[in-house]
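A.B. asks:
Residue numbers (my numbering): -7 to 270.
#1: Checking the sheet assignment: what are the DSSP bridge partners for residue 132?
#2: Residue 175: buried (16+ other C-beta within 10 angstroms of its C-beta) or exposed?
#3: Should the stretch 192 to 202 be regarded as contacting the stretch 119 to 131, the criterion being three or more beta carbon pairs within less than 8 Å?
#4: With DSSP as the reference, label residue 94 as helix, strand or coil.
#5: Which of the three DSSP states, helix, strand or coil, is assigned to residue 45?
#6: Taking contact to mean 3 or more Cβ pairs, one atom from each stretch, closer than 8 Å, check whether the stretch 104 to 122 and the stretch 62 to 75 are in contact.
#7: For residue 179 and residue 45, which I take to be in contact (beta-carbon distance under 8 Å), what is that distance rounded to the nearest angstrom?
#8: Got a sec? Which residues, its chain only, sit under 8 Å from residue 57 by beta carbon, not counting five neighbours each side?
#9: With H, G and I counted as helix, E and B as strand and the rest as coil, what does DSSP make of residue 233?
#10: So what's residue 63 in DSSP terms, helix, strand or just coil?
#11: Considering only C-alpha positions, which residue in the set 157, 196, 169 and 239 is nearest to residue 185?
#12: Can you have a look at residue 114 and say buried or exposed, based on whether 16 or more other CB atoms are within 10 angstroms of its CB?
#13: Quick one: using the 10 Å Cβ neighbour count with 16 as the cut-off for buried, is residue 143 buried or exposed?
#14: Under the three-state reduction of DSSP, which class applies to residue 77: helix, strand or coil?
#15: Can the beta-carbon of residue 28 be found closer than 8 Å to that of residue 99?
#16: Give me, in chain order, the residues of the same chain whose beta-carbon lies closer than 6 Å to that of residue 254; leave out the 5 immediate sequence neighbours on both sides.
#17: For residue 63, which option in 42, 47 and 77 has the closest C-alpha, if you only look at C-alpha atoms?
#18: Put residue 28 into one of helix, strand or coil per three-state DSSP.
#19: Determine the direct distance from the alpha carbon of residue 26 to that of residue 209, and round the result to whole angstroms.
#20: Can you have a look at residue 233 and say buried or exposed, based on whether 16 or more other CB atoms are within 10 angstroms of its CB?
#21: Could you tell me the distance, in whole angstroms, from the CA atom of residue 157 to the CA atom of residue 217?
#22: Of the residues 222, 111 and 38, which one's Cα is nearest the Cα of residue 159?
#23: Along the alpha helix (DSSP H) that carries residue 120, what are the first and last residues, could you check?
#24: If you run the structure through DSSP and keep just helix, strand and coil, what is residue 205?
#25: With burial defined as no fewer than 16 other Cβ atoms inside 10 Å of the residue's Cβ, what is the status of residue 245: buried or exposed?
Right under this line is the structure:
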């Protein structure tokens, strides 16, 4: 292994260790995080969940609006909005920062078809982070369902759940939601529109999942500590192996010099003896 790569890995582990030390800065409230492709409807969904019906808190546009993680905190919950996964590499890295902070993941997928490759990869990353709680704490949200007929929505949901079963090993809870219907229903006080938006159903699900937040956090933290310990042990072995290798190379490199020095000493001794005997 190149020494530069070894140093980079060690620096990354140092940063990870600092994350553990910063655990106390984590919100006491359960943290709800949205992820998904750019313009999937993440910000609109959070505006509905946080009751920003008339004036949005999380900015929404047809172009990339969220470039950093933005937050909104109530007395009971903290909501985080993340950049779209398909915008650019820096946005993807920014979105990943929220993985360890999330207690519940709302993965928002709009109805363009089945899950894309980068969505699957991100879901796999989140699933690994949650471990045994992934099936419970990752919630799939199909957004903008008011733009498609019900048969197509159902077909897409079936396909997406099949992909989750294939790549994650489970089918997450899934909600077909319409931010538009919910907003219209609240403004016009029409319960039918609110009901058909399924936003209230999603809220109820979130309320049920967050009931065991403390237990999930403790067990996830224990698993993270164990994984970190394994990484430290592995890194220690790599460092020791590299040290021994460099020591051997250094020692072997001096052998020709030592041999030359020995020959020179013998030559000097021989000549000195000749002059003494002369």
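We put the beta carbon where it would ideally sit given N, CA and C, even for glycine.
C.D. replies: Put simply:
#1: Sequence index remark: in the chain shown, residue 132 carries index 140 (1-based). BP columns for residue 132 point to 99 and 166.
#2: Residue 175 sits at position 183 when you count from the first residue of the chain shown. Its Cβ being crowded by 16 or more others within 10 Å, residue 175 is buried.
#3: Segments in contact, yes.
#4: Residue 94 sits at position 102 when you count from the first residue of the chain shown. Reduced to three states, the DSSP call for residue 94 is coil.
#5: Mapped onto the chain shown, residue 45 falls at position 53. If DSSP states are grouped into helix, strand and coil, residue 45 belongs with coil.
#6: no
#7: Your numbering for residue 179 matches position 187 in the chain shown. Your numbering for residue 45 matches position 53 in the chain shown. Indeed they touch by this definition, with Cβ atoms about 7 Å apart.
#8: Here residue 57 refers to the residue found at position 65 when the chain shown is read from its first residue. Caution is warranted here: a pLDDT of 47 is assigned to residue 57, below 50, making its placement in the model unreliable, and the coordinate value is therefore given only provisionally. Excluding residues within five positions, the ones whose Cβ falls inside 8 Å are 35 and 51.
#9: For this step, residue 233 is matched to residue 241 along the chain shown. Helix, per DSSP.
#10: Translated into positions along the chain shown, residue 63 becomes position 71. Here residue 63 sits in strand by DSSP.
#11: Taking the first residue of the chain shown as 1, we reach residue 185 at position 193. Out of 157, 196, 169 and 239, the CA that lies nearest to the CA of residue 185 is found in 169.
#12: Translated into the one-based positions of the chain shown, residue 114 becomes position 122. It counts as buried.
#13: Numbered from 1 along the chain shown, position 151 holds the residue referred to as residue 143. Label assigned to residue 143: exposed.
#14: In the chain shown, counting from the first residue as 1, residue 77 sits at position 85. It is coil, neither helix nor strand.
#15: Counting from 1 along the chain shown, the entry for residue 28 is found at position 36. Counting from 1 along the chain shown, the entry for residue 99 is found at position 107. Going by C-beta atoms, residue 28 is nearer than 8 Å to residue 99.
#16: Along the chain shown, one-based indexing puts residue 254 at 262. Closer than 6 Å at the Cβ level, and outside the excluded window around residue 254, lies no residue.
#17: Numbered from its first residue, the chain shown carries residue 63 at position 71. It is 42 whose Cα lies nearest to the Cα of residue 63.
#18: Within the chain shown, residue 28 is the residue found at index 36, counting from 1. Strand.
#19: On the chain shown, residue 209 is found 217 positions in, with the first residue counted as 1. On the chain shown, residue 26 is found 34 positions in, with the first residue counted as 1. Inter-residue distance for residue 209 and residue 26 is about 18 Å (C-alpha atoms, whole angstroms).
#20: Here residue 233 corresponds to residue number 241 of the chain shown, with the count starting at 1. With fewer than 16 Cβ atoms within 10 Å of its Cβ, residue 233 is classed as exposed.
#21: Position 165 of the chain shown, counted from the first residue, corresponds to residue 157. Position 225 of the chain shown, counted from the first residue, corresponds to residue 217. Going by the C-alpha atoms only, they are around 28 Å apart.
#22: Start at 1 with the first residue of the chain shown, and residue 159 comes out as number 167. It is 111.
#23: Taking the first residue of the chain shown as 1, we reach residue 120 at position 128. Residues 109 to 122.
#24: Position 213 of the chain shown, counted from the first residue, corresponds to residue 205. DSSP places residue 205 in helix when its eight states are reduced to three.
#25: In the chain shown, counting from the first residue as 1, residue 245 sits at position 253. Residue burial is scored here from C-beta neighbours: residue 245 has fewer than 16 other C-beta atoms within 10 angstroms and is therefore classed as exposed.
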